[in-house]
Amino acid sequence: MKLTTATETITDLSAIRHYFHQHPELSSQEYQTTALIKAYLADLGYTIITPKALQTGVIAEIGPENAQHTVALRADIDALPIQEQTNLDFASENAGTMHACGHDFHLTSLLGAAEKIKENADKLTVKVRLIFQPAEETHVGAEQVIASGGLEGVDVIVGYHNHPNLPVGQISVGNGGRNAAVDQFSVKLTGVGGHAAKPHENIDPILALASTVTALQSIVSRSLNPYRQSVLSVTHIEGGQTWNVIPDSTWFEGTIRTFGDHDRARAKEQFYQIINGQAAAYGISAEIEWIPGPPVLENDPILTDILAENIQYHADLVNFPPSAGGEDFAFYTSKVPSVFAEIGSGGNSGLHHSDLILDDAGLETAITWYYQSVLRLQDYFAEKGEEA
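Heads up, the sequence shown is in the UniProt record's numbering, so the first residue is 1 and it goes up one at a time.
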């Protein structure tokens, strides 16, 4: 398919989103998605500046050559390994792959914003950099963009995530920490297996696992500040093959979400202490794999207030609480001033659900968010210049 420009109506944008939804691609495999986005932007007249180090994803720019400031707009483009269960006419044609997080919604809205920005390019006093980022779901895409130089020269970056629980037309632009820091863990407990009727001759890793999983819940309830949001979830357990044999080993994995550097470090410290303590108590060995993910997503306090005040004239501004969900846009917020919003997509269920259906009408608010942010930020930079 060759995407056409001149998408002046949400109906046209819907057709584009439906195509991307029907042809989802997993993290770091977004080759067709990348090619379509690149062609679309080139047709609009954007300069493609994607670093060679990026295998997928697109970075493009527009604006005056002599502009002193650059505003980046980011959308993610990857899908999830989920079998779609929506029965939509445009349901995924790729088995086991689905845009169950709405990244098709995100990238389509940025394409719509790209067209609007192009139509008003003569009004630009800043450069606008569009970042269609790969591999958000695996939490490596933002770091790849940064490592490749894709964020160099950017003064501020703006993004958003669709929120199925918010009605179409609503937008939340909150200050401070908006998404939690994400850490992933896996643990292997090894004992001595044998006959289930003779547990005294064995060292039971299943009993140790059950006790350990329970003990880990004390990290949130007793080691972290109760006034700051945090959560620990064990989500996957394996052990044993039949009813009358104690296995040699068991294994489990899960995640910890925190909202501060101190809590993040404290949670890891307590995690290791509990695992090793339980292992010693039960006479088993423990192997821990700790996989750090994105940090806390921190919105810039000054720019967030400015953009929130501005968007209330174009959308229904609401106050939605922070989320323990991870978002690798957080890697950008640790590098440059950033503002990340939640935009209502009027969904029927939650993110990462196999039956998730979003309302295309929400694209209009998302496009407005991108476009109005550019206009307000270039005014902000002009105001700062006059003060200087």
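Backbone N, C-alpha and C define an ideal beta-carbon position, used for all residues, glycine too. Only a predicted model underlies this, so the values are computations on that prediction, with no experimental measurement involved.
query, result
"Segment limits, beta strand (DSSP E) that includes D316", "316-318"
"Whether A79 touches H99 by CB criterion (7 Å)", "yes"
"Assumed close pair R228, G191 - CB separation to whole angstroms, cut-off 8 Å", "Not quite, the Cβ-Cβ distance comes to about 36 Å (not below 8 Å), so this is no contact."
"Buried or exposed by the 16-neighbour rule on C-beta atoms within 10 Å, applied to A265", "exposed"
"Beta-ladder partner(s) of residue 394, from DSSP", "Residue numbering for the chain in the displayed model covers 1 to 388; residue 394 lies beyond these limits and cannot be assessed."
"Strand pairing of S285, partner residues [DSSP]", "T190"
"From Y380, H352, V374, F340, residue whose alpha carbon lies closest to that of V173", "F340"
"Assigned secondary structure, N175 (DSSP; H/G/I helix, E/B strand, else coil)", "coil"
"N162 - partner residues in DSSP beta bridges", "I343"
"Limits of the unbroken beta strand (DSSP E) element including residue 401", "Only positions 1 to 388 of the chain appear in this structure, which leaves residue 401 out of reach."
"Inter-residue Cα distance where the pair is A121 and Y160", "23 Å"
"First through last residue of the alpha helix (DSSP H) which encompasses L207", "205-216"
"Reduced DSSP secondary structure (H/G/I, E/B, other) of L124", "coil"
"Buried versus exposed call for S218 [16 or more other C-beta atoms within 10 Å across all chains shown]", "exposed"
"V145 - DSSP class collapsed to helix/strand/coil", "helix"
"Contacts around T138, its chain only, beta-carbon distance under 6 Å, and the 5 residues preceding and following it disregarded", "S27"
"When H352, T255, T365, Q55 are compared against I291, the one with the closest alpha-carbon", "T255"
"Any 3 or more C-beta pairs closer than 8 Å across the stretch 299-308 and the stretch 133-150", "no"
"Nearest-angstrom Cα separation, counted from Q55 out to L351", "27 Å"
"Residues bridged to D183 [DSSP beta-bridge criterion]", "I256, P292"
"Contact check, A208 vs Y272, beta carbons under 7 Å", "no"
"Residue from E289, Y380, A39, E143 with nearest C-alpha to D305", "Y380"
"Given V234 as reference, the closest of D248, A210, L224 once Cα atoms are compared", "A210"
"For I306, the first and last residue of its enclosing beta strand (DSSP E)", "From DSSP, I306 is part of no beta strand (DSSP E) but of the alpha helix (DSSP H) over 301-311."
"Whole-angstrom distance between D316 and H18, CA atom to CA atom", "26 Å"
"CA-to-CA distance, A181 to D328, given in whole angstroms", "9 Å"
"Beta strand (DSSP E) segment containing T138, residue limits", "First-last for T138: undefined, no H or E at that position."
"Length of the line joining the Cα atoms of V374 and V231", "35 Å"
"Cut-off 6 Å between Cβ atoms - residues of its own chain near A15, not counting five sequence neighbours on either side", "none"
"Residue closest to P81, alpha-carbon to alpha-carbon, out of D359, H353, I117", "H353"
"Neighbourhood of I246 by C-beta distance below 6 Å, restricted to the same chain and skipping five residues each side", "G193, G194, A196, N202, D204"
"Simplified DSSP state of G150, which is helix, strand or coil", "coil"
"Collapsed DSSP secondary structure at M1 in the structure displayed", "Confidence is the limiting factor: at M1 the pLDDT is only 44, short of 50, which leaves the residue's position unreliable and the question unanswerable from this model."
"Segment contact, 8 Å Cβ cut-off, at least three pairs: the stretch 125-140 with the stretch 103-115", "yes"
"Same chain only: Cβ atoms within 6 Å of N175, ignoring 5 sequence neighbours per side", "N299, P301, T304"
"F20 versus F185 - alpha carbon distance", "33 Å"
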